[in-house]
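Q: What follows is a single structure, and I will ask about it in a moment.
Residue numbers (full-length UniProt numbering): 1 to 299.
Given below as structure tokens:
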């Protein structure tokens with residue numbers, strides 16, 4: 001690593017253009033300035049200046065090092081500026097949530113960025129465990145989970161609920177299927193998997209098919225897709241069932257090809273809590289106040 005003290009002396013010398021004046025500006029002796037330049041040349045293994053009487057000219061290596069040093073100085077100044085900057089509509093907003101929640105939130109986050117173009121929205125979609133690990137690794141600043149956190153370095157607050165629905169095709173191989181289903185019907189049909197499907201399916205089975213828990217863990221999988229707007233396409237085509245939040249189901253364009261499953265005239269629908277989570281000992285920037293308000297209003 002380049003010695004910063006020698007580099008500062010070199011920058012000052014180039015800007016001032018004179019050894020004696022550089023020494024005065026840095027409260028050094030002239031031999032001290034010369035010694036810094038000599039040590040810096042030895043460190044970078046290149047001559048940086050050519051002395052011409054009382055003047056000097058930069059070598060190619062000297063020009064390259066000076067440009068690098070000035071860029072580094074500018075970056076450090078910008079870093080210090082942004083570290084002290086905390087405005088409500090300036091900066092990167094880094095959020096993690098499920099794919100279905102991302103589909104609900106993202107259009108509104110983009111609308112907020114259009115109003116305040118110094119904001120920058122970064123939305124990472126993934127399952128609970130990945131959201132939590134991203135939060136702990138400082139890859140995101142806030143996350144939305146379906147369970148309270150137990151980790152000591154994080155805190156969570158319940159902000160609402162989402163409805164999970166068992167979604168079936170209307171037809172399988174051209175034949176209509178009944179809304180009222182048994183576990184055997186689902187086992188024969190098979191599940192369309194997605195990043196949150198197994199987590200959602202486990203909750204549905206605990207609530208509605210608890211005697212079949214062991215079989216439920218080994219349910220046949222008829223496909224996998226991680227794009228939210230594609231998950232219900234194989235369901236609509238009769239290739240399997242899946243479990244999704246209701247707002248994701250309602251936004252699907254082919255409503256005529258899907259249906260919500262029923263059990264004894266009761267919709268197979270379950271409400272699960274949603275929690276907003278962030279680092280316990282890392283204060284959120286003021287720009288997250290509006291983000292949190294928006295999330296709570298939407299949920």
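Every residue, glycine too, gets a C-beta built ideally from N, C-alpha and C.
For residue 221, does the count of other Cβ atoms within 10 angstroms reach 16, so buried, or fall short, so exposed?
A: Exposed, because fewer than 16 other Cβ atoms sit within 10 Å of the Cβ of residue 221.
Q: Residues in its own chain within less than 8 Å of residue 304 by CB, not counting five upstream and five downstream?
A: No information on residue 304 is available, as it lies outside the stretch 1 to 299 that the chain covers here.
Q: My understanding is that residue 242 touches residue 178, with C-beta atoms under 8 Å, so please give their C-beta distance in whole angstroms.
A: With 8 Å as the limit, residue 242 and residue 178 do not qualify as a contact, their Cβ atoms being about 18 Å apart.
Q: By a C-beta neighbour count over all protein chains shown, 10 Å radius and 16 as the cutoff for buried, is residue 204 buried or exposed?
A: buried
Q: Could you give the first and the last residue of the continuous alpha helix (DSSP H) run that contains residue 113?
A: 99-115
Q: Taking C-alpha atoms, which residue in 120, 180, 125, 88 lies nearest to residue 104?
A: 125
Q: Relative to the alpha-carbon of residue 239, which residue among 193, 30, 131, 270 has its alpha-carbon at the smallest distance?
A: It is 193.
Q: Kindly give me the distance between the Cβ atoms of residue 260 and residue 254, rounded to whole angstroms, as I take these residues to be in contact under 8 Å.
A: 14 Å between Cβ atoms; not a contact.
Q: Tell me the start and end of each unbroken beta strand (DSSP E) in the segment 199-232 that is at least 3 residues and wholly inside, in chain order.
A: 221-224
Q: Could you tell me whether the Cβ atoms of residue 100 and residue 245 are closer together than 8 Å?
A: Yes.
Q: Considering only residues of the same chain and omitting the five flanking positions on each side of residue 154, which have a CB-CB separation below 8 Å?
A: So the list reads 132, 135, 136, 277, 278, 279, 280, once near-sequence residues are dropped.
Q: Provide the residue span of the beta strand (DSSP E) that contains residue 274, from first to last.
A: 269-279
Q: Just how far apart, CA to CA, sit residue 190 and residue 115?
A: 45 Å
Q: Taking three-plus beta-carbon pairs below 8 Å as touching, is the segment 65-74 in contact with the segment 213-227?
A: With a cut-off of 8 Å on Cβ pairs, the segment 65-74 is not in contact with the segment 213-227, counting fewer than three such pairs.
Q: Nearest to residue 262 by CA position, among 183, 13, 52, is which residue?
A: 183
Q: Starting from the Cα of residue 301, find the closest Cα among 122, 9, 207, 188 and give me that residue.
A: Because the chain spans 1 through 299 in this model, residue 301 falls outside it and cannot be assessed.
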